[in-house]
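> One structure is given below, represented as structure tokens, and several questions about it will come after.
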Amino acid sequence: MGISEILDGKLTEKEVEIKGWVVTRRSSGGVQFLIVRDGSGMIQATVHKEDVAPQKFEDVDRLTQESSIIVKGIVKEDKRAPGGYEVRVKDLKIVHLAMPEYPLSKKSHGIDFLASLRHLWIRSPRQIAILKVRAEIIKACRDFLDENGFTSTDSPILTPSAVEGVATLFETPYFGDKAFLTQSGQLYVEATIAAFGKVYCFGPTFRAEKSKTPRHLTEFWMVEPEMAFYTFEDNLKLQEEMVTFTVKRVLEKRRRELEFLKRDLVPLRKVEPPFYRISYTEAVDKLQKAGYNIEWGEDLGAPHEKFISLQFEKPVFVHRYPAKAKAFYMQPDPENSQVVLCADLMAPEGYGEIIGGSERICDLKLLEKRIEEFGLPREAYEWYLDLRKYGAVPHSGFGLGIERTVMWICKLKHIRETIPFPRTITRIYP
RNA sequence: GCCGCCGUAGCUCAGUUCGGUAGAGCGGCUGGCUGUUAACCAGUCGGUCGUAGGUUCAAGUCCUACCGGCGGCGCCA
Numbered sequence: 004m005g006i007s008e009i010l011d012g013k014l015t016e017k018e019v020e021i022k023g024w025v026v027t028r029r030s031s032g033g034v035q036f037l038i039v040r041d042g043s044g045m046i047q048a049t050v051h052k053e054d055v056a057p058q059k060f061e062d063v064d065r066l067t068q069e070s071s072i073i074v075k076g077i078v079k080e081d082k083r084a085p086g087g088y089e090v091r092v093k094d095l096k097i098v099h100l101a102m103p104e105y106p107l108s109k110k111s112h113g114i115d116f117l118a119s120l121r122h123l124w125i126r127s128p129r130q131i132a133i134l135k136v137r138a139e140i141i142k143a144c145r146d147f148l149d150e151n152g153f154t155s156t157d158s159p160i161l162t163p164s165a166v167e168g169v170a171t172l173f174e175t176p177y178f179g180d181k182a183f184l185t186q187s188g189q190l191y192v193e194a195t196i197a198a199f200g201k202v203y204c205f206g207p208t209f210r211a212e213k214s215k216t217p218r219h220l221t222e223f224w225m226v227e228p229e230m231a232f233y234t235f236e237d238n239l240k241l242q243e244e245m246v247t248f249t250v251k252r253v254l255e256k257r258r259r260e261l262e263f264l265k266r267d268l269v270p271l272r273k274v275e276p277p278f279y280r281i282s283y284t285e286a287v288d289k290l291q292k293a294g295y296n297i298e299w300g301e302d303l304g305a306p307h308e309k310f311i312s313l314q315f316e317k318p319v320f321v322h323r324y325p326a327k328a329k330a331f332y333m334q335p336d337p338e339n340s341q342v343v344l345c346a347d348l349m350a351p352e353g354y355g356e357i358i359g360g361s362e363r364i365c366d367l368k369l370l371e372k373r374i375e376e377f378g379l380p381r382e383a384y385e386w387y388l389d390l391r392k393y394g395a396v397p398h399s400g401f402g403l404g405i406e407r408t409v410m411w412i413c414k415l416k417h418i419r420e421t422i423p424f425p426r427t428i429t430r431i432y433p
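When we follow my numbering, the leftmost residue of the first sequence carries the number 4, and every step to the right adds one.
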């Protein structure tokens, strides 16, 4: 029994017990109005002087913001109450009287202050709504993959070597040796496909990049599916299906949260396969015609991604980037060896990349050559090369950034709200 | 790493142009109000003006350095 069920109208005129926290208290002499939160929702509880013992009424008068309480009463439908329902209180027990001067008031706060009080900020309705959507997105991704023949095989977080470059790795001591926090589970899921066919890993990844932007965290979560025998084309189709499934699931299960966030649902309802596709070369052409200063061969920057993303009302794949701008393990396009069979999925409405994916090199000789060309230490990749020695198959995969997906689906301005405790270049507390 | 902006009460800010006794709203506290909606009304508590130097009769205000944060870029998911 929770507040969400009361708000669904299932418990009208019934007696209920709510265990929760006081969000605000207002009084009008003989009537006290409490807004109570229980994790499932918020509702107004009214305490009339004549309904409770005098001592109880005085207790209510002492209630501070964020005090924890247990309330018993009758559910009433009432237009005067926010949300249309309220609980007329018959009994109330104070579990803990919160200290006065709860730091977060109902008025606005600056971002620095809120970030330093993240452990309390997550209680606020907006943050609750966002994190509920986050949880739904994660569950949707897992459900989609689990229901489509994937086995979850999580990758290690402590790793001996870099996937792509050492400069952006967090280093940690490891029994007299060095270890690094993973930047991607991809190489390891490329190993487990030979055991399970279709796999995915889900976990935190770490980038020691000094990125100071509204779309970067130093610690973020990725879902990384990897599929044996999947071509580049199969990979894109899977991404379309997974993203569509996820958006539909959130629209279905977290409608209330999206509406609370004042998220326009129209663009989300348009998310259906097939997504748009544009090659990197076409994208550069478009950008140049729009006056952007970009040459073929350069990777797309934030303003470029935003521009492309705004051209389409559905997600768009930008595919076949120059080989030099991308990772060593990507399969060259058989029709043009200057580009690789990769695609980034750009979310619409100006949100950029949420997925990066590619077909992987499966030929041993070619992979050896690429490792050398990228100046990577071959000894660190011996195990990875083994995968091309014993039953190599064409295979593809992608990584979906959870926080960026949350940011897009909730239409947020900054990624710091998409994870309970964000880690950024300037903040590791709380 | 680069460019720009900002640090004044617990919070959000005004005061800086042109140096002259530290301000408001919210929150807290005290009291009032029998339907409040960021409730309202009256009273009250609350300050090393980011830090350190400097200029000056006098610095929140002018100068220098440092620290912290925010916004944008680069890199990336």
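Cβ atoms here follow ideal geometry from the backbone N, Cα and C, with glycine treated the same way.
Here's the rule: buried if 16 or more other CB atoms are within 10 angstroms of the residue's CB, otherwise exposed. What is Leu78?
Strictly speaking, residue 78 in this sequence is Val, with Leu absent from that position. The residue is buried, with at least 16 neighbouring Cβ atoms inside 10 Å.
> Relative to the C-alpha of Thr247, which residue among Leu303, Gly32, Ala350 is closest?
Ala350
> I'd like the ranges of any beta strand (DSSP E) spanning at least 3 consecutive residues and lying wholly in the segment 18-88.
18-31, 34-40, 45-51, 71-80
> Just list the residues that DSSP pairs Arg430 with in beta bridges.
Thr427
> Going straight from the alpha carbon of Lys181 to that of Glu174, what length do you get?
7 Å
> Cα separation between Ala395 and Glu150?
Straight-line Cα distance between these residues: approximately 26 Å.
> Please report the residue range of the beta strand (DSSP E) in which Asp146 lies.
Counting along the chain, Asp146 sits inside no beta strand (DSSP E); it lies in the alpha helix (DSSP H) bounded by residues 128-150.
> Go ahead and pull the three-state DSSP assignment for Asn296.
coil
> Taking 8 Å as the threshold (C-beta atoms), are Val98 and Ile72 in contact?
yes
> Would Tyr233 be called buried (16 or more neighbouring beta carbons within 10 Å of its own) or exposed?
buried
> Taking Cβ positions, are Arg280 and Ala143 nearer each other than 8 Å?
Going by C-beta atoms, Arg280 is not nearer than 8 Å to Ala143.
> Can you determine whether any heavy atom of the ligand SAH sits closer than 7 Å to the C-beta of Glu385, and answer yes or no?
This structure lacks the ligand SAH; in fact it carries no ligand of any kind.
> Taking the beta strand (DSSP E) that Glu356 falls in, what are its first and last residues?
356-363
> So what does DSSP say about Met102, is it helix, strand or coil?
coil
> To test your reading of the DSSP string, which unbroken alpha helix (DSSP H) runs of 4 or more residues are found completely within the segment 303-358?
Taking only runs of at least 4 residues, the alpha helix (DSSP H) segments lying wholly in the segment 303-358 are 305-313.
> At 4 residues or longer, and completely inside the segment 200-268: list those alpha helix (DSSP H) runs for me, N to C.
235-256, 258-263
> With respect to the beta strand (DSSP E) encompassing Thr175, which residues constitute its N-terminal and C-terminal limits?
In the DSSP assignment, Thr175 falls within the unbroken beta strand (DSSP E) covering 174-177.
> State the start and end residues of the unbroken beta strand (DSSP E) segment that holds Arg280.
279-282
> Where does Val274 fall in DSSP's three states?
Collapsing the DSSP output to three states places Val274 in coil.
> Figure out for me which residue from Val202, Gly87, Glu89, Arg121 has the closest Cα to the Cα of Arg426.
Arg121
> Which value, in whole angstroms, describes the spacing of the CA atoms of Leu370 and Ile311?
32 Å
> According to DSSP, is Ala197 part of a helix, a strand, or is it coil?
helix
> Can you tell me whether Arg28 is buried or exposed, with buried defined as 16 or more other CB within 10 angstroms of its CB?
Answer is buried; the Cβ neighbour count reaches 16.
> Enumerate in chain order the residues of its own chain whose CB-to-CB distance from Glu89 is below 6 Å, with the five nearest sequence positions on each side excluded.
Gln47, Thr49, Lys79, Asp81
> Assuming Val226 contacts Phe278 under a Cβ cut-off of 8 Å, what Cβ separation, rounded to an integer in Å, is found between them?
Not a contact, Cβ separation roughly 18 Å.
> Do the CB positions of Glu316 and Lys289 come within less than 8 Å of each other?
Result no, Cβ atoms of Glu316 and Lys289 do not sit closer than 8 Å.
> Can you check whether the CB of Ile38 is closer than 8 Å to the CB of Ile21?
Contact annotation: Ile21 and Ile38 have beta-carbon atoms that are not nearer than 8 Å.
> Do the segment 375-385 and the segment 357-365 meet, that is, are 3 or more Cβ pairs less than 8 Å apart?
Contact annotation: the segment 375-385 does not touch the segment 357-365, with fewer than three C-beta pairs closer than 8 Å.
> At the level of alpha carbons, what is the spacing between Ile9 and Val92?
14 Å
> Looking only at C-alpha atoms, which of Gln58, Gly23, Gln314, Gln68 sits nearest to Pro103?
For the residues Gln58, Gly23, Gln314, Gln68, the minimum Cα distance to Pro103 belongs to Gln68.
> With DSSP run on the structure shown, which of helix, strand or coil describes Ser7?
Helix.
> Please look up how many angstroms separate the CB atoms of Leu190 and Tyr393, rounded, as I've assumed it's under 8 Å.
Not a contact, Cβ separation roughly 16 Å.
> Looking at the secondary structure, which residues open and close the alpha helix (DSSP H) in which Lys372 lies?
367-376
> Which stretch, first to last residue, makes up the alpha helix (DSSP H) that contains Asp115?
114-119
> Distance check for Leu66 and Gln58, CA to CA, integer angstroms please.
13 Å
> Is the CB-CB distance between Asp267 and Phe205 below 8 Å?
no
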